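> Take this structure, written in structure tokens, and hold onto it; I'll ask about it next.
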Amino acid sequence: MRGRPNSRDNVSYKRIKINRFSEAGFIPRFGVTISKENLMGALNNDLVAFREFPFSKRAEGQLLQKEGYVARIVERFKIDFVVEIIKIEDSGKIWVFFDDPQLSGLQEILGSFKRNLKEGQKVLLRLHSFPPKRINGEILKILGESSSGEVEYHSLLHDLKLKHSFSNPEIQKEIEELTSKKESILQSIECYEDLTDKNFFTIDGDTAKDFDDAIYVEKVKDNFGVFVSIADVWGYLSNCPAIFEEARLRGNSIYLLNRVIPMLPTILSEELCSLRENEKKYTVCVYVEVNKEGKIIPNTFRVFPATIISKKRFTYKILNQYFLKKSSLENIGEELKNTVDQCYEVFKLMEDRMKGQGKSSLMIVHQQLDYKTNDNEDIVNVEVDRSDIPRISEKLIEIFMVLANQLIANFLDSKNIKTIYRVHKTPDPARVQNFLNIFRELNPSSEVIETSENTIQTFNDLLQKSKNNQYLQIIQYHVLQALPKAEYNLENIGHFGLNLKNYLHFTSPIRRFADLMIHKTLWMYFFDKKRYSKRERTQHEWELEKISYQVNLCEKIGVTAEKRFISRKLFRFLCSQNTKKEFKAVVFSKNPWGYLIKLENLYDGFMRIDKNIKLGANILVKPVEYSWDEFTPIN
């Protein structure tokens, strides 16, 4: 531990980020690193008072980064934790395994505990003291047996403070009103154009229930008229302030295998707003014309409220088989079949044009895993979708949705309307250089031309050179590591990954609050401007900064929840298939604390070892006891 400055030095306050592998802390925006010895037991996201060490020199030269120490923990981000009881001692203390990975290993808990506790139970534990001190706590609630799928789900809800039900009395009152009044609760009915005669259809996964979007294409002279209709959620929520506020707090829906933690009550997400087959629905529709070269025709863009009827609910699998000419579309009528064909034609025209102009988005092929579960929600089989089989219908929907998002972003930008953009910063040159070094290591036969311009085409060219490389997955991983994370922001800085100047999220208002805010903006400024006062529009703009922060935070929580829930079931599945718990792994990445590895081409893990191992090396590993993702090599 280094010498600390005296108390007269400036103290700052910020929530700290902890890397649980290096066990060091980092203060965002300040750029201050705090070693494990100087954390004072701070955990991830705790609000801390910290000070920076004065600038000094080391024997090998000047400090390359600012360092500091925690002077005081101001507020714990989290004091309630879900744990599994591993051992109960006669003395009264218990030994537990935390669901939260930052408190890994078998942990001793002191306190007065109920006599009806059993080993193997999950409980909600409130901590009164934290490591490095001895942990003292009390049990707030017994959740049930750890082997139960239901208990595992509720454990996640408690540990991450996620809300599933909509039990608030005000929300229940609005749900009852929606249930009784249904579409009659909508105002400004005269604003909706009638498009119910057009052959709209949806494409979604096999088990989907919340259908946000429907598409339709028709011939307009020598061009194609493209319609993308999105569920009009704001039309309902403008009359339901309690549900709207709850949606703001949740930020997004979270998908957990066969379960959903919804942003909206099911009366909206699966009934009134969902674009179900053969039901009249209220939507916000984007229209534009595309010519035979795949180019958008200027001055043909429109966005407007519309009623539609989805004539067919297709799945990705069904249309993929059709587009690959492995099956036909039967019993849907010639008109609807022609519409599907025209949608495919527009998709190919736009895709070819983007490729020809070097405007393609990042060409990363994500591994698709299909999980089979039993009645207890345990994973019993995993199927890896073959990357050599084209997922045409998924790409088609993606291009139509990206088009709609881009058009709305262009429209609001041209009108100087303050809104929430989906942005993706240009990567830092140092990160790109690090990727190029790794690329050379894994692809020594490929020439890498140094360039000062970091463009999507640069990355795509390297990915194209690697398409037959045995290390393609590792190369793709490091491409993503070189790029910053996409986020929501009021400042429109463009979207690097999609190669677009203007972009936002508009097409999923049932499951993303950011999209819902775009719909609200369109209603307030364009569709029904007279209904809203200038004061209401000003208030709406003031709220956007706070909402932008909130949806970014909720997105991170959602990613954490999905990854934790699925990966732990996957880990147990792998262990059930391998009683020795010895797994084949590939080294994906190296950092100062060890190696990131991929087990059985399915599961991400970490290996803490000083030995020098090459990227792409095949190794045999076994899990560290009482850890979900740390492993040790088997010699």
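Numbering (our numbering), first residue to last: 499 to 1133.
Where is the CB? At the ideal position from N, CA and C, for every residue including glycine.
In this text, all values refer to a predicted model and were calculated from it rather than measured experimentally.
Within the continuous alpha helix (DSSP H) that includes residue 626, where are the two ends?
Segment 619–627 is the beta strand (DSSP E) holding residue 626; no alpha helix (DSSP H) there.
> State the beta-bridge partners of residue 606 as determined by DSSP.
Partner(s): 593.
> To the nearest angstrom, how far is the alpha carbon of residue 828 from that of residue 797?
If I take the Cα positions, the gap works out to 38 Å.
> Taking only beta-carbon atoms, is residue 576 less than 7 Å away from chain B?
Judged by its chain identifiers, the structure shown contains no chain B, having just a single protein chain.
> For the alpha helix (DSSP H) containing residue 667, list its first residue and its last residue.
667–679 is the extent of the alpha helix (DSSP H) around residue 667.
> When burial is assigned at 16 or more other CB atoms within 10 Å of the CB, is residue 717 buried or exposed?
Flag for residue 717 reads exposed.
> Can you name the residues that DSSP bridges to residue 550?
Looking at the DSSP assignment, residue 550 forms a beta bridge with 566.
> In whole angstroms, give me the CA-to-CA distance for residue 1045 and residue 713.
Their backbone Cα atoms lie some 29 Å apart in a straight line.
> Would you kindly work out how many angstroms separate the C-alpha atoms of residue 771 and residue 1098, rounded to a whole number?
When rounded, the distance between both Cα atoms is 41 Å.
> Going by DSSP in three states, residue 808 sits in which element: helix, strand or coil?
Looking at residue 808 - three-state DSSP - the assignment turns out to be strand.
> Look at residue 1134 and residue 863 and say whether their C-beta atoms are less than 7 Å apart.
What the structure shows of the chain is the stretch from 499 to 1133, and residue 1134 is not part of that stretch, so it cannot be assessed.
> Pick from 537, 508, 606, 511: whose alpha carbon is nearest that of residue 517?
For residue 517, the nearest C-alpha among the options comes from 537.
> Quickly, what does DSSP pair residue 1038 with across the bridge? List them, please.
Beta-bridge pairing links residue 1038 to no other residue.
> Three or more C-beta pairs closer than 8 Å, one from the region 761–775 and one from the region 1075–1085: is that the case here?
Segments in contact, no.
> In its own chain, which residues sit with a C-beta less than 8 Å from the C-beta of residue 1059, not counting the 5 before and 5 after it?
Answer for residue 1059: 654, 658, 660, 752, 754, 759, listed in chain order.
> Could you compute how far the alpha carbon of residue 1114 sits from the alpha carbon of residue 1085?
About 5 Å.
> Might you give, ordered along the chain, the residues of its own chain that have their beta carbon closer than 6 Å to the beta carbon of residue 982, omitting 5 neighbours on each side?
Taken in chain order, the residues that qualify are 923.
> Mark residue 1121 as exposed unless 16 or more other C-beta atoms lie within 10 angstroms of its C-beta, in which case mark it buried.
Its Cβ being crowded by 16 or more others within 10 Å, residue 1121 is buried.
> Can residue 511 and residue 547 be called in contact, C-beta distance under 7 Å?
Cβ distance < 7 Å, so residue 511 and residue 547 count as in contact.
> Do residue 935 and residue 890 have their CB atoms nearer than 7 Å?
Contact: no.
> Unbroken alpha helix (DSSP H) runs of length 4 or more, entirely within the region 830–877: which are they?
Whole alpha helix (DSSP H) segments, 4+ residues: 832–854.
> Under 8 Å: do the region 729–744 and the region 834–845 share three or more Cβ pairs, one atom per stretch?
Touching, no.
> Looking only at C-alpha atoms, which of 912, 522, 608 sits nearest to residue 590?
Checking every option, the nearest Cα to that of residue 590 belongs to 608.
> Nearest to residue 813 by CA position, among 602, 700, 745, is which residue?
Residue 813 has its Cα closest to that of 700, out of 602, 700, 745.
> Note down, in chain order, each residue of its chain lying with its Cβ closer than 6 Å to the Cβ of residue 585, except the 5 sequence neighbours on either side.
Here the set comprises 593.
> In the DSSP assignment, the alpha helix (DSSP H) including residue 891 goes from what residue to what residue?
Residues 890–912.
> Using 10 angstroms around the beta-carbon of residue 919, count the other beta-carbons present and answer buried if the total reaches 16, otherwise exposed.
When all chains shown are included, residue 919 counts as buried.
> For residue 882 and residue 904, which I take to be in contact (beta-carbon distance under 8 Å), what is that distance rounded to the nearest angstrom?
With 8 Å as the limit, residue 882 and residue 904 do not qualify as a contact, their Cβ atoms being about 32 Å apart.
> Could you have a look at residue 689 and say whether DSSP puts it in helix, strand or coil?
Helix at residue 689.
> What runs of the alpha helix (DSSP H), each 4 residues or longer, lie entirely inside the region 759–826?
As far as the region 759–826 is concerned, its whole alpha helix (DSSP H) runs of at least 4 residues are 814–821.
> Identify every run of the alpha helix (DSSP H) within the region 986–1046, keeping only runs that are complete inside it and at least 4 residues long; order them along the chain.
Runs found: 1011–1020.
> Does the contact criterion of 3 or more C-beta pairs under 8 Å hold for the region 638–652 versus the region 667–678?
No, the region 638–652 is not in contact with the region 667–678.
> Does the count of Cβ pairs from the region 681–694 and the region 793–807 closer than 8 Å reach three?
The region 681–694 is in contact with the region 793–807.
> Have a look at residue 1190 and residue 821 and give me their C-alpha separation to the nearest angstrom.
Limits of the chain in this structure are 499 at one end and 1133 at the other, which puts residue 1190 out of reach.
> For my contact list, residue 551 and residue 529 are in at a C-beta cut-off of 8 Å; report their separation, rounded to the angstrom.
The pair is not a contact, with the Cβ atoms about 13 Å apart (cut-off 8 Å).
> Taking the continuous beta strand (DSSP E) assigned at residue 1131, which residues delimit it?
Run containing residue 1131: 1128–1131, per the beta strand (DSSP E) assignment.
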